[in-house]
Ligand code: B16
Ligand code: MG
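Residue numbers (our numbering): 1 to 221.
Below, the structure written as structure tokens:
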């Protein structure tokens, strides 16, 4: 099973930073004078920062110049970082550490495959940075999910062919990217929303050792 490797998404899989993205985007929407709800925030999951602003402005039917957009992006990230700097290991989602311990014990390498440009900082805040074999984040890619670029770079870092890689993802676009890359996709979240995934769990506490052994032993699902 050592011919298998894992690629973890970050937001929504290892930590729930969506709540901080929400607060920071809401501040931008408030300043522009329109309502930004938690349901709206769902549309931004797994989406790059620049694309998130486009979606936000569409929701508010607001048009901004490129210069104004840049200012909003800087202001949003400054605000977001204020929340991230207060994060600690207690924010790692339930069951994640058990799965990472299992992978370490079985010498299975894992890398990060995230759209976030703040991924390294977040991993350091939650004290997991040193455990990852490699990190592919929003600074390393030119094409956003569902483009498979982020995961293909991840496979390269793992020195494995894509079909030997298993991706954990919470976003539809991320599951799609994993499937396009010819990888096994494990959805973390709602079964119906992530129906394209090979397997879906509500969270990591539902993933048993038996399942992991089976997953890592099989060649391809
Ligand atoms: P940043 P993931 C994504 O992370 C988030 O889900 C998404 O909501 C966010 O807009 C994106 O990162 C960019 O984040 O502003 O920190 O660069 O789910 O791909 O780990
Ligand atoms: Mg995510």
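Glycine included, every Cβ here is placed at the ideal spot set by N, Cα and C.
From a predicted model like this one, the values you see are computed outputs, not experimental measurements.
Residue i: first and last residue of the uninterrupted beta strand (DSSP E) it sits in
{"i": "residue 199", "result": "199–201"}
{"i": "residue 187", "result": "184–188"}
{"i": "residue 211", "result": "It is not in any beta strand (DSSP E) - residue 211 instead sits in the alpha helix (DSSP H) that spans 209–217."}
{"i": "residue 44", "result": "Neither: residue 44 is in no beta strand (DSSP E) and is coded neither H nor E."}
Cβ-based neighbour list, residue i, same chain, cut-off 6 Å, excluding 5 preceding and 5 following
{"i": "residue 180", "result": "148"}
{"i": "residue 221", "result": "Residue placement at residue 221 is flagged as unreliable, the pLDDT there being 46, under the threshold of 50; the coordinate-derived value follows with that caveat. The answer, listed in chain order, is 184 and 198."}
Residue j beta carbon less than 8 Å from that of residue i
{"i": "residue 115", "j": "residue 167", "result": "no"}
{"i": "residue 177", "j": "residue 157", "result": "no"}
{"i": "residue 207", "j": "residue 136", "result": "no"}
{"i": "residue 91", "j": "residue 126", "result": "yes"}
{"i": "residue 5", "j": "residue 109", "result": "yes"}
{"i": "residue 77", "j": "residue 51", "result": "no"}
{"i": "residue 7", "j": "residue 113", "result": "yes"}
{"i": "residue 226", "j": "residue 119", "result": "For residue 226 there is no data in the structure shown, the boundaries of the chain being 1 and 221."}
{"i": "residue 204", "j": "residue 93", "result": "yes"}
{"i": "residue 53", "j": "residue 71", "result": "no"}
Alpha helix (DSSP H) segment containing residue i, residue limits
{"i": "residue 7", "result": "No alpha helix (DSSP H) contains residue 7, which is instead part of the beta strand (DSSP E) from 5–8."}
{"i": "residue 172", "result": "172–180"}
{"i": "residue 231", "result": "Because the chain is modelled from 1 through 221, residue 231 falls outside the range shown and cannot be assessed."}
{"i": "residue 96", "result": "96–105"}
{"i": "residue 149", "result": "149–158"}
{"i": "residue 84", "result": "66–84"}
{"i": "residue 28", "result": "18–32"}
Expected contact under 8 Å - CB spacing of residue i and residue j to nearest Å
{"i": "residue 172", "j": "residue 10", "result": "Not quite, the Cβ-Cβ distance comes to about 16 Å (not below 8 Å), so this is no contact."}
{"i": "residue 38", "j": "residue 22", "result": "6 Å"}
Residues of its chain near residue i, where Cβ-Cβ distance is below 8 Å and the 5 sequence neighbours each way are ignored
{"i": "residue 107", "result": "2"}
Beta-carbon contacts of residue i that lie in its chain and below 7 Å, excluding the five residues immediately before and after
{"i": "residue 36", "result": "25, 26, 29, 56 and 59"}
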